[in-house]
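Participant: Could you have a look at this structure, given as structure tokens, before my questions?
Protein chains: 2
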Amino acid sequence: MSKGITSRNEDYSQWYNELVTKADLAEHSSVRGCMVIKPYGYSIWEKMQAALDKMFKDTGHTNAYFPLFIPKSFFSKEASHVEGFATECAVVTHYRLKNDGSGNIIVDEEAKLEEELIVRPTSETIIWNTYRGWIQSYRDLPILVNQWANVVRWEMRTRLFLRTAEFLWQEGHTAHATSEEAIEEAEKMLHVYADFAENWLAVPVVRGVKTPNERFAGAIETYCIEALMQDGKALQAGTSHFLGQNFAKAFDVKFTSKEGKLDHVWATSWGVSTRLMGALIMAHSDDQGLVLPPKLAPIQVVIVPIYKSAEELNRISEVADALVKELKAMDISVKFDDRDTQRPGFKFAEYELKGVPVRVAMGARDLENGTAEIARRDTREKQTVNQEGLASYIENLLGEIQENIYQKALKFRNDSITKADTYEDFKKILDEKGGFVSAHWDGTPETEQRIKEETKATIRCIPLDNALEDGVCILTGQPSKQRVLFARAY
Amino acid sequence: MSKGITSRNEDYSQWYNELVTKADLAEHSSVRGCMVIKPYGYSIWEKMQAALDKMFKDTGHTNAYFPLFIPKSFFSKEASHVEGFATECAVVTHYRLKNDGSGNIIVDEEAKLEEELIVRPTSETIIWNTYRGWIQSYRDLPILVNQWANVVRWEMRTRLFLRTAEFLWQEGHTAHATSEEAIEEAEKMLHVYADFAENWLAVPVVRGVKTPNERFAGAIETYCIEALMQDGKALQAGTSHFLGQNFAKAFDVKFTSKEGKLDHVWATSWGVSTRLMGALIMAHSDDQGLVLPPKLAPIQVVIVPIYKSAEELNRISEVADALVKELKAMDISVKFDDRDTQRPGFKFAEYELKGVPVRVAMGARDLENGTAEIARRDTREKQTVNQEGLASYIENLLGEIQENIYQKALKFRNDSITKADTYEDFKKILDEKGGFVSAHWDGTPETEQRIKEETKATIRCIPLDNALEDGVCILTGQPSKQRVLFARAY
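From first to last, the protein sequence lines are chains C and R. With full-length UniProt numbering applied, the first sequence corresponds to residues 1 to 490, in that order. With full-length UniProt numbering applied, the second sequence corresponds to residues 1 to 490, in that order.
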């Protein structure tokens, strides 16, 4: 199969778009900004969901489901929230279509809603309106709830997975009796996200907090994990917010403490989305196609027979079937591709494109020698291996590949953090090298905004446990106590 | 805890509503017709999802995701489909809100969509519009795709789980090269649903086909499973449709056959929804609360200590912890409720309300005797059992309870199928006994409609493998070759 993907060097953005489409991950739909997640792409997302869901449950959370629609008035209740979300959302105004008499289907103007409904862009408002009925006393706290759902934000410029009008995500919404407990929860979930990104996606992340400018609309503190893509642009991979009492006050959610005192409840929310698919693809893949970390690969091992006759295929199938059985018993997902409609070379290219971590090829000579040819997707190295103990060899190799992909991304990320002490240097690094630029900033939103306008770089985060260091702001020369991480970002 | 649920005899409908709310399954939201599925209810739904999803995958299906929104014009493409769905749907007309200058948030009239979008009530149209790009040749077939999603149908009278404006469901959409293969798929999925209903929900179902009147809008044949609730009303628990080439024609989806002939693709669709939660609740529960089949119970076993001192609790905890460990190793979900804020009697009532299948109570005397008190939720029987071998005893008991709940529902259902040979008898049975009435019908939509108007009973289905029998229609006296099943229904 001819892959014909633009190379990363030629046009990184084009490479990404083609890869997503040709590897059967997703495609644009007829509805502006909305994507179709195809079976192969969705099966990766399902693996992400399963791993995350287990991590949420292991940390005491349960799932629930809240309405898709939010009454318009709810948005006005939290002042900064409405500014952040109301400006780009799908608005439901009617609840019926009708036939206009000449066969055209039109909106039935008589079926106008009294109050317009917003398709949820995020669910803080509807959930805190619900929590009011769930919380009376400290005994009802904490509430540790997560929701898997679709949300809609009316984006004008969309890209598959990275920015779509509708996307899939999970949103955790927790309620606590104290500020300390809520902050602890927000931080705990940030670390869950970071663990997931590093151990499953094999994407190293910087853990940090956002500047006030970049905070979630309605949050007191936004924690984030920031990843680096191969083109040197950063990608926000997950956020966890300490919301203080903002939503509890907006929706009048109070509780009686152990001491009998009435107080507003403390909140967090946290989410990751199908955007992680974009991060996964852009962090590891190459000009031949996807490179998937084994833990998230829908097919971890593919076996391709190389034969000249039905008799040869039969003999190969016998060995292959036994290997399939062994691998399945080890919980490794494996496919034996004995289609006779395609030649081995076509299959090799197809599985490279789809990022299958390990390919096993077996021909007549392999049978004679008791060997198989193993190709790993990450390094594209091939090796001839004895059939004896092959399943264990593959099991180890999958672990090695997972680790290697991570280490490669980690080295790239670490090599891409550059210090800049002058504004000239700062701009030069952004233009010539990309990556994160670690620089002093005077702490004002105005400076941050001006740097953004002049360089398109934003402060990705102030890393957690940042080292203190005296310096001066690269733009204004004002004193600064610590460096922050700038980057151009998705 | 005081349950205070209306009894079934007093008011079945009220009993249901109170049970759903008090057992923490779901509640009404602030958005008309939309429900909040609470953590306990959602965890049952998750178990249903997991079991169904596995059954779908075992039969060769994969999941994917299609847009929430459907362009209005898509609905007009399949003539009967538009009549069925366009009249009750949420319509998105705008994509932005704005501040009107005096602090009010209003719809921004400048952000009006060129074409209105419908929030999907079902996805045949958007999916078949997508399949056009996926299918060129017989090699691309079959496509066996399922989607887990939320859908919206603007219902005027809603009831938690049974009929809500937004609900959760799965919808399978498959594409085939031949009519035979599509029919086989539609029937296969009907049997998957029936197996699921009987083996997981413990709800016996009649497998059948709908009359033309009751068919899905756009289907050639609608297969269904029909369950019976304790009040004698039927509930459609799942449907599987053979769609012929209707949607392929509407969306111009053709393929080249092996023989090089161009033809339209054959389709099926099939779905079950959170309505199954309603069926589960209404089929088994009693005046004390939920009765859950063990396979779907979020907590299968609860252990309640009965103690007078901390020292006693410590000793009980030792035994309980060991039991918890043993049960968990058997993959049985168990909770040891050692809360000191509630008394045992309160806990007993709470777990009865929530339908926990097995309750283990242990007090000081049990420790002395090496016993425990076991109460099963289905029959409410108690028994004193030796601690030795207790885990295995409980494992067996859970299997027995699952079977007993099913057998009880099966007996009730079988006792509730009554033959009627005259219209008088027919009406009398409906009013006095309820259940399914097996009667002759002349096969015309007019007769079906008149019976519905006069008795509120509809033809639930023509059972598969129905016995042929000469008779005359209960309403018109016209000749009939088989009986069909009537009932009043949810």
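Glycine included, C-beta positions come from ideal geometry on N, C-alpha and C.
For G208 (chain R), tell me which candidate among R:F196, R:E221, R:A217 and R:E198 has the shortest Cα-Cα distance.
Facilitator: R:E221
Participant: Would you kindly work out how many angstroms separate the C-alpha atoms of M189 (chain R) and A364 (chain C), rounded to a whole number?
Facilitator: 42 Å
Participant: Taking all protein chains shown into account, decide if D297 (chain R) is buried (16 or more other Cβ within 10 angstroms of its Cβ) or exposed.
Facilitator: It should be noted that the sequence gives Ala, not Asp, for residue 297 (chain R). Flag for A297 (chain R) reads buried.
Participant: Determine which residues share a DSSP beta bridge with C461 (chain C) and list them.
Facilitator: Paired residues: C:L485.
Participant: Return the chain-ordered list of same chain residues with a C-beta closer than 7 Å to the C-beta of V319 (chain R), the five sequence neighbours on each side being excluded.
Facilitator: M362, L367 and Q387
Participant: If you check the beta carbons only, do T447 (chain C) and L475 (chain C) fall under 8 Å apart?
Facilitator: yes
Participant: Mind checking if S2 (chain R) is an interface residue toward chain C, Cβ cutoff 8 Å exclusive?
Facilitator: Confidence at S2 (chain R) is low in this model, with a pLDDT of 47, below 50, so the placement of that residue is unreliable and no value is reported for it.
Participant: Quick check on R159 (chain C): does DSSP put it in helix, strand or coil?
Facilitator: Three-state result, R159 (chain C): strand.
Participant: Need the endpoints of the alpha helix (DSSP H) that T455 (chain C) sits in, please.
Facilitator: P445 to T455
Participant: Let's see if you can read the secondary structure: which residues bound the alpha helix (DSSP H) around E318 (chain R)?
Facilitator: That run of the alpha helix (DSSP H) goes A310 to A329.
Participant: Mind reading off the beta-carbon distance from L144 (chain C) to P71 (chain C)? Whole number of angstroms is fine, and I expect it under 8 Å.
Facilitator: With a contact defined as Cβ atoms closer than 8 Å, L144 (chain C) and P71 (chain C) miss out at about 26 Å.
Participant: If I measure Cβ to Cβ from E381 (chain R) and keep anything under 8 Å in the same chain, skipping five residues before and after, which residues do I get?
Facilitator: A375
Participant: Take residue 507 (chain C) as the anchor and find which of C:A51, C:N146 and C:I417 has the nearest alpha-carbon.
Facilitator: Past the boundaries of the shown model lies residue 507 (chain C); chain C is included only from 1 to 490, so the question cannot be answered.
Participant: Could you tell me which chain R residues have their CB closer than 9 Å to the CB of W154 (chain C), listed as they occur along the chain?
Facilitator: Y95, R96 and A111
Participant: If you reduce the DSSP assignment to three classes, tell me which class L19 (chain C) lands in.
Facilitator: helix
Participant: Alpha carbon to alpha carbon, what distance is there between L25 (chain C) and Y40 (chain C)?
Facilitator: 6 Å
Participant: Using CA coordinates, which residue listed in C:K335, C:T178 and C:M282 is at the minimum distance from K258 (chain C)?
Facilitator: Of the candidates C:K335, C:T178 and C:M282, the one whose C-alpha sits nearest the C-alpha of K258 (chain C) is C:T178.
Participant: Can you give, in chain order, each stretch of the beta strand (DSSP E) that sits fully within the segment 59-138 of chain R and has at least 3 residues?
Facilitator: 69-71, 91-94, 97-99, 105-107 and 112-119
Participant: Could you check whether R8 (chain R) and D287 (chain R) sit closer than 8 Å to each other, using their CB atoms as the reference points?
Facilitator: yes
Participant: Let me make sure I understand the geometry here. Which of R:W441, R:A420 and R:H440 has the alpha-carbon closest to that of D431 (chain R)?
Facilitator: R:A420
Participant: Do L162 (chain C) and R32 (chain C) count as a contact pair if the criterion is CB distance below 8 Å?
Facilitator: no
Participant: Measuring CB to CB, does E166 (chain C) end up less than 8 Å from V152 (chain C)?
Facilitator: yes
Participant: So the beta strand (DSSP E) S369 (chain C) belongs to, where does it begin and stop?
Facilitator: As written in the sequence, residue 369 (chain C) is Asn, which differs from the Ser given in the question. That residue, N369 (chain C), is in no beta strand (DSSP E); its alpha helix (DSSP H) goes A364 to N369.
Participant: Does any CB atom of chain R fall closer than 8 Å to the CB of S480 (chain C)?
Facilitator: no
Participant: Taking K38 (chain R) as the query, report the chain C residues whose CB atoms sit under 7 Å from its CB, ordered along the chain.
Facilitator: A64
Participant: Which value, in whole angstroms, describes the spacing of the CA atoms of I306 (chain C) and V334 (chain C)?
Facilitator: 17 Å
Participant: Residues bridged to L359 (chain C) by DSSP?
Facilitator: Looking at the sequence shown, residue 359 (chain C) is not Leu but Arg. Paired residues: C:V302 and C:A375.
Participant: Distance cutoff 8 Å, beta carbons only. Does F436 (chain R) sit that close to anything in chain C?
Facilitator: no
Participant: List the residues that DSSP assigns as beta-bridge partners of R207 (chain C).
Facilitator: According to DSSP, R207 (chain C) bridges with C:I225.
Participant: Does any residue of chain C bring its CB to less than 8 Å from the CB of I332 (chain R)?
Facilitator: Residue-level contact by beta carbon fails for I332 (chain R) and chain C, as no gap is shorter than 8 Å.
Participant: Take every Cβ of the segment 120-127 of chain C, pair it with every Cβ of the segment 80-93 of chain C, and state whether three or more of those distances are shorter than 8 Å.
Facilitator: yes
Participant: Ordered along the chain, which non-local residues of its own chain (more than five positions away) have a Cβ less than 8 Å from that of A439 (chain C)?
Facilitator: K419, A420, D421, F426, I474, R483, V484 and F486
Participant: Using a Cβ-Cβ cutoff of less than 6 Å, which residues in the same chain neighbour P294 (chain C) once the five nearest sequence positions on both sides are dropped?
Facilitator: Q300, P357, L398, I401 and Q402
Participant: Run down chain R in chain order and give the residues with a C-beta less than 8 Å from the C-beta of P71 (chain C).
Facilitator: S30 and V31
Participant: Roughly how many whole angstroms lie between the Cα atoms of K261 (chain C) and G60 (chain C)?
Facilitator: 27 Å
Participant: When Cβ atoms are compared, which residues of the segment 116-139 of chain R fall closer than 8 Å to chain C?
Facilitator: Residues of the segment 116-139 of chain R whose Cβ lies closer than 8 Å to any Cβ of chain C, in chain order: E116, L117, I118, V119, I126, N129, T130, G133 and R139.
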